[in-house]
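Q:
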Amino acid sequence: MPSTTQSDMEVSGLTERFRNPLTLSDRCDECRAQAFVRVFLPSGDLLFCGHHFAEKEPTFVARGYEIQDERDRINKPEGDTR
Ligand SMILES: [Zn+2]
């Protein structure tokens with residue numbers, strides 16, 4: 613793990629966007645499968661399925677990007693919002 617702190621990269625406004633959950637119409641930018649992870653880049657959002665996010669996660673984490681990870685919903689039936 614790099615020793616650089618990420619605290620100075622936190623922007624309070626970003627948390628507002630986390631209120632928009634990913635839906636069936638959100639598709640992985642790599643393979644068009646249903647997206648379960650959104651990455652907030654300075655240039656815009658990227659969407660990934662669990663598979664492609666896992667491949668790129670170390671890069672995003674190293675750069676300190678905000679990540680909306682909804683992979684815990686992958687194996688749950690749609691509409692199960694307990
Ligand atoms: Zn994918």
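In my numbering, the protein residues as written are 613 to 694. Glycine residues also receive a C-beta, built at the ideal position from the N, C-alpha and C atoms.
Kindly indicate the opening and closing residues of the beta strand (DSSP E) around F652.
A: Looking at the DSSP string, the run of the beta strand (DSSP E) that includes F652 is V649 to L653.
Q: When DSSP labels each residue in this structure, what does E678 get in the three-state scheme?
A: Here E678 sits in strand by DSSP.
Q: Three or more C-beta pairs closer than 8 Å, one from the segment 669 to 680 and one from the segment 635 to 642: is that the case here?
A: Not touching, per the Cβ criterion.
Q: Take Q646 as the anchor and find which of V673, R675 and L658 has the nearest alpha-carbon.
A: The residue with the shortest Cα to Cα distance from Q646 is L658.
Q: Whose C-alpha, out of L653, P633 and H663, is nearest the C-alpha of A674?
A: Measuring from the Cα of A674, the nearest candidate turns out to be L653.
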